[in-house]
Amino acid sequence: MVVAALTALTLAVAGCSSSTDSELTVFAAASLKTPFTDLARQYERDHPGTKVQFNFAGSSDLVAQLQQGASGDVLATADERTMSIASADGLTERSTVFASNTMTIAVPSGNPGGVVGLASLADPALRVVVCAPQVPCGTATQRVFQASGVAVSADSEESSVTGVLNKVSTGEADAGIVYMSDVATAGPAVRSIRIPAEQNTTNLYPIAVLAGVTDPSAASDFVDLVTGPSGQRALERAGFGSPR
Amino acid sequence: MTAKPGLPGWIYLPAALGAAFIVAPIAAMVTRVQWSHFWSLITSESSVAALLLSLRTSGIATLACVVVGVPLALVLARSRSRWVDIGRAAVLLPLVLPPVVAGIALLYTFGRRGLLGGSFEALGIQIAFSTTAVVLAQTFVAMPFLVISLEGALRTTGARYEAVAATLGASPTTVLRQVTLPTMLPAIASGAVLAFARALGEFGATITFAGSLQGVTRTLPLEIYLQRETDPDAAIALSLVLVVVAVAVIGLGRERMRSA
């Protein structure tokens, strides 16, 4: 009870933002930050008076937050598994796949390790960083290694793809396995070395209007924007592939 | 008979609020522990590896803190140089820096392309992704705890015994060994306990600087963070282990202080 009072006090102090116009809250996978931020600007131009608020986090974190009672209008996850958890819980009804993302080898600019392909990563002298198998990007990485038959002993198994990307962009690692979209937004410090399609794996990104939203048409307008031509262009610029 | 200086009655309300704010979340976590699987969760291969690595690295980091932190505290407490205030502010910095910033700073110092990393690399010493990196991160964040608590104790005690010993003809080194260090032993012990506890909980600097690999760099806090993704029950069980270890360390520290 005492804690509740203190929490209420904290919330009262923190929650002093103005709520003049309507807001659209989008829960989106962290990898969607660049294209979705662009699309939000377009949405706000098309819907004067509506402000788009984002909650960018790992897909499983987003679903966990919604399960704990967080309220939002739209949910976009980085894989179909997390979306199916949300729909099984009654959080969403119908979802649409709007983008795909494949894996790629990221190397520091200049490629100090001389990486030419997946086979290079088997060299024990090379410092290789991947995602841990417990997180989605790690599961995808394992599928790639299995499909290619390359045995890689990683120097670090990070708990997020940003961890991998950071170790590569600072030159600590010679190579890392990340999503195509990560390299597209990482800037000049990181270069991408393609993984052949037959050894690669594809993550599908679904988007859905959340159950019980106050303004369903505003929410589905955002979904339509993402799945529509300008949404697809923005996603392509950020390194994402087409939905199928 | 002297009356105890009384506190105003109302002060117990905010005090209770403060205590409840700290105790309640820990209690809430304990209620979520799956006791039926508890033992198997905390004795899994990855959990044991993480716990042992944490104890080992925190132990070495504490030792490192004592070896350089005690002299540092002595200099800060006894030197009359005007640089001391700047030095103290610098030593305090890791206390207020977000650990992830500490990790970035360490990366640009000991990393491959860092200030000193190139020289280590030339000597064939690889720091990034090694257990050494974990110890460096822990030492960096834990050192201020030892230095500040010891410096406070040194200032409170004053230097009169040292002055007496010196007038009796003892050399500075003899004074340090026979007077200062023995009287400061309880303060050093409690500072070391604080440093150990902080090293044990280190997360941000480690994940930024050292990486995460079972048995090499994945300490207990990193293991908890990773388990949370797939197995929340295991994450809660391991969190409880960390709480128990922390309580034991603090308890041990208090015992030492009293007996010394």
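Those protein sequences? They're chains A and B, same order as listed.
Just so you know, we're using the working numbering here: the first sequence kicks off at 80 and counts up by one.
Just so you know, we're using the working numbering here: the second sequence kicks off at 2 and counts up by one.
Note that beta-carbon positions come from the ideal geometry of N, C-alpha and C, so glycine has one too.
None of the values given here were measured: they were computed from a predicted structure.
In this chain, the alpha helix (DSSP H) harbouring Leu186/B covers 182-202. In the three-state scheme derived from DSSP, where H, G and I count as helix and E and B as strand, Ser239/A is classed as coil. When secondary structure is reduced to three states using DSSP, Glu159/A falls in the helix class. Using a CB distance cut-off of 8 angstroms, Leu124/B does not count as an interface residue toward chain A. Collapsing the DSSP output to three states places Pro233/B in a helix.
Judged by beta-carbon spacing, Val186/A lies beyond the 8 angstroms limit of Cys210/A, meaning their Cβ atoms are not closer than that value. In the pairwise beta carbon analysis, the stretch 88-105 of chain B is classified as not touching the stretch 179-195 of chain B: fewer than three pairs are separated by under 8 angstroms. Identification of residues in the stretch 182-207 of chain A having a C-beta nearer than 8 angstroms to some C-beta of chain B yields Arg206, given in sequence order.
Legend: CB atoms of the stretch 224-240 of chain A lying less than 8 angstroms from CB atoms of chain B belong to residues Ala233, Asp234, Ser235, Glu236, Glu237, Ser238.
Short of 8 angstroms from the beta carbon of Phe111/B, and not among the five residues preceding or following it, lie these beta carbons of its own chain, in chain order: Leu117, Gly118, Phe121, Ile128, Ala129, Ala134, Leu137, Phe210.
Three or more beta-carbon pairs separated by less than 8 angstroms are not found between the stretch 21-30 of chain B and the stretch 220-233 of chain B, which leaves the two stretches without contact.
Legend: CB atoms of the stretch 103-131 of chain B lying less than 7 angstroms from CB atoms of chain A belong to residues Leu108, Gly112, Arg113, Arg114, Ala129, Phe130. Residue contact check for Ser41/B against chain A: no CB pair falls below 8 angstroms.
In its chain, beyond the 5 residues on either side, Leu201, Thr220, Leu221 have a beta carbon closer than 7 angstroms to the beta carbon of Ser55/B. The closest CA to that of Val257/A, considering only Gly266/A, Ala287/A, Ala219/A, Ser232/A, is found on Ala219/A. In the three-state reduction of the DSSP assignment, Arg79/B falls in the helix class. Among the residues facing chain B, Gly250/A is included, as its CB has a counterpart in that chain under 8 angstroms away. Contact annotation: the stretch 128-141 of chain A does not touch the stretch 312-323 of chain A, with fewer than three C-beta pairs closer than 8 angstroms. Secondary structure note for Thr220/B: it is in no alpha helix (DSSP H), with a DSSP letter that is neither H nor E.
Under a criterion of Cβ atoms nearer than 8 angstroms, no residue of chain A is adjacent to Tyr13/B; the nearest Cβ is some 12 angstroms distant. With fewer than three CB-CB distances shorter than 8 angstroms, the stretch 180-197 of chain A does not count as touching the stretch 287-303 of chain A.
The Cβ neighbour count for Gln35/B, taken over all protein chains shown within 10 Å, is under 16; the residue is labelled exposed.
Cβ neighbours of Arg222/A within its own chain (closer than 7 angstroms, five residues either side excluded): Thr280. Taken in chain order, the members of the stretch 125-142 of chain A whose beta-carbon sits within less than 7 angstroms of a beta-carbon on chain B are Ser139.
In the DSSP assignment, no residue is bridged to Tyr162/B. A distance below 8 angstroms separates the beta carbons of Ala74/B and Leu151/B. Interface residue (Cβ-Cβ distance to chain A less than 8 angstroms): Ser213/B is classified as such. Pro275/A sits exposed, since fewer than 16 C-beta atoms from the chains shown fall within 10 Å of its C-beta.
Under the three-state reduction of DSSP, Gln144/A is assigned to helix. Sorting Thr158/B, Ala198/B, Trp11/B, Gly170/B by C-alpha distance to the C-alpha of Thr181/B places Thr158/B at the top. At least one C-beta of chain B is nearer than 8 angstroms to the C-beta of Val214/A. For Gly242/A, the C-beta contacts it makes with chain B under 9 angstroms involve Ile208, Thr209, Gly212, Ser213, in order along the chain.
Scanning the stretch 70-145 of chain B from its first residue to its last, the whole alpha helix (DSSP H) runs of 4-plus residues come out as 84-97, 100-111, 118-123.
Around Lys112/A, no beta-carbon contact reaches into chain B at under 9 angstroms, the shortest distance being about 18 angstroms.
DSSP, read as helix, strand or coil, puts Val231/A in coil. For a cut-off of 8 angstroms, the C-beta gap from Lys246/A to Gly153/B is around 39 angstroms, too long to register as a contact.
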